[in-house]
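Engineer:
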Amino acid sequence: MMALGRGDVSCTPVRRTRRHGSIPELRRRVFNTPGEAHGLTFSTYRRTKVFTEPRFCGLFLDVLDRERKNLKFEVWAYVPMPDHAHVLIWPTERDYDVSEILRAVKQPVSARILSLLRFESDPRLPRLWNEASQKHRLWQAGGGYDRNLVSRGLLAKTIDTIHDNPVVAGISKLPWDYEWSSAGFYQGLSDGPFKVDRYKG
1 MMALGRGDVS CTPVRRTRRH GSIPELRRRV FNTPGEAHGL TFSTYRRTKV
51 FTEPRFCGLF LDVLDRERKN LKFEVWAYVP MPDHAHVLIW PTERDYDVSE
101 ILRAVKQPVS ARILSLLRFE SDPRLPRLWN EASQKHRLWQ AGGGYDRNLV
151 SRGLLAKTID TIHDNPVVAG ISKLPWDYEW SSAGFYQGLS DGPFKVDRYK
201 G
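Going left to right, the sequence shown walks through residues 1 to 201 as the numbering used here numbers them.
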């Protein structure tokens, strides 16, 4: 099903840069290695709490569900948090581009949410304004974190870590109590917003 045996994890190196006194940006190096899963984490601009609203969490997961079919990747776990999101994916094709997957998910989510926030004159808009580009941003620049995962043990641990996020943040008492998570699916309680492709490791 997947390439294993190369060690626990191949972490894509990340460096922080600063532009004109702005907050640090994450620069991602991508390794599109066949048979490897990707643990993706990306944050909202200035860690603005956007995904506190069900409609925005639902929008994000609707797009993720749609694009996993269009771009042929499995989703093994997910959780949108107030100011960031975690997703574990496994591309099913030998030739794939994680950057393309991220663009396909993040761009329509950004366009829709920013449009709604502008229409409603939302008080978070000033925080989402980027002086350099003279426009609003939903996502922090740089792509976030991308880890190539190849070990069965680390994959299982990553799924648990993703699902534990709402508990650690004090949002829910149990991972599967959080509505916008795939944790309930793994417990056999609910498919959640959409049925993930169960990791069978």
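Glycine included, each C-beta is placed from N, C-alpha and C at the ideal position.
Small disclaimer: the values here were computed from a predicted structure and weren't measured.
1. With DSSP run on the structure shown, which of helix, strand or coil describes V87?
2. Whole alpha helix (DSSP H) runs in the stretch 108–168 with 4 or more residues, listed along the chain?
3. Please classify G170: does DSSP put it in a helix, a strand, or coil?
4. Quick one: using the 10 Å Cβ neighbour count with 16 as the cut-off for buried, is V150 buried or exposed?
5. Using 9 Å as the threshold, is the C-beta distance between R198 and W90 below it?
6. Please state the DSSP three-state secondary structure of W180.
7. Indicate whether the contact test is met: 3 or more Cβ pairs, each with one atom in the stretch 78–90 and one in the stretch 38–53, closer than 8 Å.
8. Quick one: what's got a C-beta closer than 6 Å to F60's C-beta in the same chain, skipping five residues either side?
9. What is the rounded straight-line gap between the Cα of N32 and the Cα of I162?
10. What is the DSSP secondary structure of L189, counted as helix, strand or coil?
11. Find out if the Cβ-Cβ distance for the pair L155, W176 is shorter than 9 Å.
12. With a Cβ-Cβ cutoff of 9 Å, do F185 and K195 count as a contact?
13. Would E120 be called buried (16 or more neighbouring beta carbons within 10 Å of its own) or exposed?
Structural biologist: Walking through what the data contain:
1. Here residue 87 refers to the residue found at position 87 of the sequence shown. V87 falls in the strand class under three-state DSSP.
2. 152–168
3. Residue mapping note: residue 170 aligns to position 170 of the sequence shown, counting from 1. Note: G170 maps to coil in three-state DSSP.
4. Here residue 150 is taken as the residue at index 150 of the sequence shown, counted from 1. Result: buried.
5. Residue mapping note: residue 198 aligns to position 198 of the sequence shown, counting from 1. Residue mapping note: residue 90 aligns to position 90 of the sequence shown, counting from 1. Not closer than 9 Å, so no.
6. Locating residue 180 in the sequence shown gives position 180, where the first residue counts as 1. Residue state, collapsed to three classes: coil.
7. yes
8. For the purposes of this step, residue 60 is identified with residue 60 of the sequence shown, where counting begins at 1. Answer for F60: P80 and V109, listed in chain order.
9. Taking the first residue of the sequence shown as position 1, residue 32 is located at position 32. Taking the first residue of the sequence shown as position 1, residue 162 is located at position 162. Taking the straight line joining both Cα atoms gives about 22 Å.
10. Translated into the one-based positions of the sequence shown, residue 189 becomes position 189. Here L189 sits in coil by DSSP.
11. The residue given as residue 155 occupies position 155 in the sequence shown. The residue given as residue 176 occupies position 176 in the sequence shown. Going by C-beta atoms, L155 is not nearer than 9 Å to W176.
12. Stepping through the sequence shown from its first residue, residue 185 is reached at position 185. Stepping through the sequence shown from its first residue, residue 195 is reached at position 195. Their beta carbons are under 9 Å apart, which means F185 touches K195 by this criterion.
13. Taking the sequence shown and counting its residues from 1, one reaches residue 120 at position 120. Exposed is the call here.
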